[in-house]
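Have a look at the structure below, then the notes.
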């Protein structure tokens, strides 16, 4: 297990940015990867800069699951959030950065009183959300790809696209309910 | 956990018992290779048992669709068996539930193939 996934060390009532060491010695995590954490009394935030690999996708998915658990989402919603974030990370690594080892992806996880907000960004050529084919259309229903953004939208309350020049940032928001006491 | 495949034959139908995750780079490649192997051996009636698939992403869904179209275009049949709730829900959301022939019981699935 990656002990760096534990975000309990984020201190409440502070507003420091802490650069937390990289990983637990696994060779597949490059030294360029980093993580920062920011927290105050109402918000906790952790962010990662990772290489363009499937290992990064898996890591981001794991963190998403942990953040969703901490935010108090129910057992049906947690895997949906994790899947939506995984799909965003896959898009960033595969379609955005095209596995380019010189490019990185960033992922931030912010828990506020109202929402869990996840941002995933790449350094690719950019993505025009209006040009994404509808995977439910009869002519697309048997396509072997093209369902990632659709699933993200299905599982999250809000999905926003921002062009970074270069790259694309997806912001995924899931609203918490009053019954979710979480972090 | 990556995906594992066990292959068996029942009444001329090739059953692939899949377990684990069908995701980009892991299960999706495995399932593609497994279906290709079955077709290469001359069988084109395939039953994918997804009872032990606990996770599937959009890439995995795409791989199921590709397997379905590949087998169908070759004159064969591919059916799905024992969907977990997660996989069932994903196929509902993506409107693929009615595209696939999905069965809950192996014997019923076997008898549903064209003889």
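Chains as they are written, first to last, in my numbering: chain A, 1 to 183; chain B, 1001 to 1115. All C-beta atoms, glycine included, are put in the ideal place defined by N, C-alpha and C.
What residues in its chain sit with their C-beta under 6 Å from that of residue i, if we drop five residues either side in the sequence?
| i | result |
| --- | --- |
| residue 158 of chain A | 173 |
| residue 124 of chain A | 96, 97 and 167 |
| residue 132 of chain A | 149 |
| residue 80 of chain A | 155 |
Helix, strand or coil for residue i? Go by DSSP, reduced to three states.
| i | result |
| --- | --- |
| residue 202 of chain A | Here chain A has residues from 1 to 183 only, and residue 202 of chain A is not among them. |
| residue 1022 of chain B | strand |
| residue 1040 of chain B | helix |
| residue 70 of chain A | helix |
| residue 151 of chain A | helix |
| residue 45 of chain A | strand |
| residue 62 of chain A | helix |
| residue 1009 of chain B | strand |
| residue 136 of chain A | coil |
| residue 97 of chain A | coil |
| residue 957 of chain B | Shown here, chain B extends from 1001 to 1115; a query on residue 957 of chain B therefore has no answer. |
| residue 1110 of chain B | helix |
| residue 1004 of chain B | strand |
| residue 1033 of chain B | helix |
| residue 143 of chain A | coil |
Rounded to a whole number of angstroms, what is the C-alpha to C-alpha distance between residue i and residue j?
| i | j | result |
| --- | --- | --- |
| residue 1075 of chain B | residue 44 of chain A | 55 Å |
| residue 86 of chain A | residue 57 of chain A | 6 Å |
| residue 1019 of chain B | residue 139 of chain A | 31 Å |
| residue 1005 of chain B | residue 112 of chain A | 43 Å |
| residue 1012 of chain B | residue 114 of chain A | 56 Å |
| residue 67 of chain A | residue 1044 of chain B | 44 Å |
| residue 1080 of chain B | residue 1100 of chain B | 7 Å |
| residue 108 of chain A | residue 119 of chain A | 5 Å |
| residue 1010 of chain B | residue 1110 of chain B | 8 Å |
| residue 1086 of chain B | residue 1050 of chain B | 11 Å |
| residue 1065 of chain B | residue 153 of chain A | 21 Å |
| residue 1061 of chain B | residue 1052 of chain B | 15 Å |
| residue 156 of chain A | residue 1035 of chain B | 33 Å |
| residue 1041 of chain B | residue 1025 of chain B | 25 Å |
| residue 72 of chain A | residue 1090 of chain B | 23 Å |
| residue 110 of chain A | residue 1108 of chain B | 48 Å |
| residue 164 of chain A | residue 50 of chain A | 17 Å |
| residue 129 of chain A | residue 1072 of chain B | 32 Å |
| residue 1008 of chain B | residue 1047 of chain B | 10 Å |
| residue 126 of chain A | residue 1104 of chain B | 43 Å |
| residue 1098 of chain B | residue 59 of chain A | 34 Å |
| residue 142 of chain A | residue 1037 of chain B | 22 Å |
| residue 1055 of chain B | residue 1068 of chain B | 19 Å |
| residue 27 of chain A | residue 1058 of chain B | Summary for residue 27 of chain A: the model assigns pLDDT 32, below 50, so the residue's position carries little reliability; its value from the coordinates is reported in the next sentence. In a straight line, the C-alpha of residue 27 of chain A is about 28 Å away from that of residue 1058 of chain B. |
Let me check one thing: in DSSP terms, what residues is residue i bridge-paired to?
| i | result |
| --- | --- |
| residue 158 of chain A | A:173 |
| residue 1049 of chain B | B:1017 and B:1081 |
| residue 1097 of chain B | Answer by DSSP bridge pairing: none, since residue 1097 of chain B is not bridged. |
| residue 168 of chain A | A:163 |
| residue 104 of chain A | A:51 |
| residue 120 of chain A | A:107 and A:170 |
| residue 1102 of chain B | B:1080 |
Can we count residue i as close to the ligand ADP, meaning its CB is less than 7 Å from some heavy atom?
| i | result |
| --- | --- |
| residue 141 of chain A | Among the components of this structure there are no ligands whatsoever, and the ligand ADP is therefore not found. |
Spatial neighbours of residue i within its chain, please: CB distance less than 8 Å, with the 5 preceding and 5 following residues excluded, ordered by chain position.
| i | result |
| --- | --- |
| residue 93 of chain A | 52, 53, 54, 56, 57, 99, 105 and 122 |
| residue 146 of chain A | 132, 133, 135 and 140 |
Less than 7 Å between C-beta atoms, sequence neighbours within five positions excluded: which residues of the same chain meet that for residue i?
| i | result |
| --- | --- |
| residue 88 of chain A | 120, 152, 170 and 172 |
| residue 83 of chain A | 151 and 155 |
| residue 1027 of chain B | 1002, 1003, 1020, 1021 and 1060 |
*Given a limit of 8 Å on CB to CB distance, which residues of the region 58-89 of chain A reach chain B?*
Under the 8 Å Cβ criterion, the region 58-89 of chain A contributes 79, 83, 86 and 87.
*Residues in the region 1098-1109 of chain B having any Cβ partner in chain A nearer than 7 Å*: Those residues of the region 1098-1109 of chain B that come within reach of chain A (Cβ to Cβ, closer than 7 Å) are 1099.
*Anything in the region 121-155 of chain A with a Cβ closer than 8 Å to a Cβ of chain B? List those residues in chain order, please.*
Of all residues in the region 121-155 of chain A, only 135, 136, 141, 142, 143, 144, 145, 146, 147, 148, 150, 151 and 154 come within less than 8 Å of chain B when Cβ atoms are compared, listed by chain position.
*asked:* Taking beta-carbon pairs under 8 Å, can you tell me which members of the region 44-59 of chain A lie near chain B?
replied: Taking 8 Å as the Cβ-Cβ cut-off against chain B, the residues of the region 44-59 of chain A that qualify are 54 and 57.
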